[in-house]
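Participant:
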Amino acid sequence: MDMFICNKCFATPHRGKKPFCLTQCGHIYCNGCIQQAEKQCPQCQQIDIFSVELQQPSLSKVENFFAPLNESLESLHKICGFQNNQMKIMIQRFHEIDKKYETLKSHYYSLTQNMKMVRDKYIKLKMENTEQKKKLMSFEMQNRTLNSLSDVSTPIKSGNNRSSKMRPASNSYFSCGANMSSQSFDVRKGNAMFEGFRIPYPHIVRSVGSRGTSDTNSTYL
1 MDMFICNKCF
11 ATPHRGKKPF
21 CLTQCGHIYC
31 NGCIQQAEKQ
41 CPQCQQIDIF
51 SVELQQPSLS
61 KVENFFAPLN
71 ESLESLHKIC
81 GFQNNQMKIM
91 IQRFHEIDKK
101 YETLKSHYYS
111 LTQNMKMVRD
121 KYIKLKMENT
131 EQKKKLMSFE
141 MQNRTLNSLS
151 DVSTPIKSGN
161 NRSSKMRPAS
171 NSYFSCGANM
181 SSQSFDVRKG
191 NAMFEGFRIP
201 YPHIVRSVGS
211 RGTSDTNSTY
221 L
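If you're matching positions, the sequence shown starts at 1 in full-length UniProt numbering and goes up one per residue.
#1: What does the alpha-carbon distance come out to for the pair Ser170 and Lys135?
#2: Thinking Ile47 and Gln36 are a contact (beta carbons under 8 Å), I'd like their distance in whole angstroms, please.
#3: Between Ile28 and Glu38, how many whole angstroms is the CB-CB distance? I'm expecting something under 8 Å.
#4: Note down, in chain order, each residue of its chain lying with its Cβ closer than 7 Å to the Cβ of Val62, except the 5 sequence neighbours on either side.
#5: Measure from the alpha carbon of Gln55 to the alpha carbon of each residue in Asn143, Cys30, Leu69 and Glu128, then state which is nearest.
#6: Thinking C-beta only, is Cys25 closer than 9 Å to Cys9?
#7: Are the Cβ atoms of Gln45 and Asn7 separated by less than 9 Å?
#8: Which residue spans inside the UniProt domain "RING-type" (6 to 45) form an unbroken beta strand (DSSP E) run of at least 3?
#9: Give every residue of the same chain whose Cβ lies closer than 8 Å to the Cβ of Ser164, excluding the five residues on either side of it in the sequence, and list them in chain order.
#10: Can you give me the C-alpha to C-alpha distance between Met115 and Tyr109, rounded to a whole angstrom?
#11: Considering just the uninterrupted stretch of the beta strand (DSSP E) at Val52, what are its terminal residues?
#12: Counting only the same chain and skipping the five closest in sequence on each side, list residues whose C-beta sits under 7 Å from that of Thr12.
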C-alpha cells in the first residue's frame with residue numbers, strides 16, 4: 001500500500017496529507033490535492049469526478065488494485081485454470097449435443113422419406129378404392145337392370161306357353177270355341193270368310209268309279 005504517490009504534488013503516503021484518495025478515472029491524490037482534482041483531474045482533465053479514500057472501511061472495495069503482482073498472478077492462474085476447465089466441460093457437452101443432433105437429423109430425414117412413401121401409397125390405394133367402388137356401383141346397376149328385364153320377360157314367356165297349350169292338336173281350320181258370329185260361309189264358292197279374310201272351305205269330291213273311297217281336297221279361289 002506504500003507503493004504510490006500523489007499524482008499532482010508527488011508526495012508519498014508518509015509525507016503527504018492523509019488520507020490519500022483514488023478517483024474513478026484511476027488516479028491517486030493526497031488530501032491537499034483531492035478537492036481540486038474532483039473538479040477537474042490534473043492527469044486526464046475529466047471534470048466532476050468521484051473518489052474513494054484509501055483507508056478503512058472503503059479501502060476493501062479497491063484493495064485488489066494494491067495487491068502484490070505475484071499474488072495477483074497466482075490468483076489469475078487459478079481463475080484461468082477454473083475457467084478453462086469449465087470451458088472444456090461446455091465444449092465436450094456441445095460436441096455430445098451436436099452428435100445427438102446429427103443422429104436425430106438423420107433419423108428425422110429417414111422418417112420423412114418413409115412418411116412420404118406411405119402418403120403416396122395411401123393416395124394411390126385411395127384412388128384405386130374409388131375406382132373399385134365406381135366399378136362395383138356400375139356392376140350393381142347393370143345387375144339390377146338385368147334382374148328387372150328378367151322379371152318383365154318371364155310373364156310373357158309363360159303367357160306364350162299357355163297360349164301354345166291352348167292350341168288344338170288337330171289340323172282343322174276352325175277352332176271349336178271361335179266366335180261364329182264373325183264367320184260367313186260361301187258354300188258355292190267353297191270359301192269361308194272369317195273377319196274379312198277368305199279361308200278355304202274343305203268339301204268332299206267323290207271320283208267316278210270309286211268304291212266307297214273319297215279324297216278330301218281344298219278349293220282356293
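Beta carbons are placed, not taken as given, at the ideal position from N, Cα and C, and that holds for glycine.
Facilitator: Looking at the atomic coordinates:
#1: Translated into the one-based positions of the sequence shown, residue 170 becomes position 170. Translated into the one-based positions of the sequence shown, residue 135 becomes position 135. Residue confidence is low: Ser170 scores 46 on pLDDT, short of 50, so the model does not pin down where it sits. No coordinate-derived value is stated.
#2: Taking the first residue of the sequence shown as 1, we reach residue 47 at position 47. Taking the first residue of the sequence shown as 1, we reach residue 36 at position 36. Their Cβ separation, rounded to whole angstroms, is 11 Å, which puts Ile47 and Gln36 out of contact at 8 Å.
#3: As a position in the sequence shown, residue 28 is number 28, starting the count at 1. As a position in the sequence shown, residue 38 is number 38, starting the count at 1. Taking C-beta atoms under 8 Å as the contact rule, Ile28 and Glu38 fail to qualify, at a distance of about 13 Å.
#4: Taking the first residue of the sequence shown as position 1, residue 62 is located at position 62. Cβ-Cβ distances below 7 Å link Val62 to Leu22 and Val52 in the same chain, with the five nearest sequence neighbours on each side left out; the list follows chain order.
#5: Residue numbering aside, residue 55 sits at position 55 when the sequence shown is read from its first letter. Closest option to Gln55, Cα to Cα, is Cys30.
#6: The residue given as residue 9 occupies position 9 in the sequence shown. The residue given as residue 25 occupies position 25 in the sequence shown. No, Cβ-Cβ distance for Cys9 and Cys25 is not below 9 Å.
#7: Position 45 of the sequence shown holds residue 45. Position 7 of the sequence shown holds residue 7. The beta carbons of Gln45 and Asn7 sit no closer together than 9 Å.
#8: As far as the UniProt domain "RING-type" (6 to 45) is concerned, its whole beta strand (DSSP E) runs of at least 3 residues are 21 to 23.
#9: Taking the sequence shown and counting its residues from 1, the one referred to as residue 164 is at position 164. Its pLDDT being 47, under 50, Ser164 is placed unreliably by the model, and the measurement read from it follows with that caveat. Once the five neighbours on either side are set aside, Ser164 has no close Cβ partner at all.
#10: For this step, residue 115 is matched to residue 115 along the sequence shown. For this step, residue 109 is matched to residue 109 along the sequence shown. Distance between the alpha carbons of Met115 and Tyr109 is about 10 Å.
#11: As a working mapping, residue 52 is identified with position 52 in the sequence shown. Residues Ser51 to Glu53.
#12: On the sequence shown, position 12 is the one that residue 12 refers to. Non-local C-beta neighbours of Thr12 in its own chain, meaning closer than 7 Å and more than five positions away in sequence, comprise Ile5, ordered along the chain.
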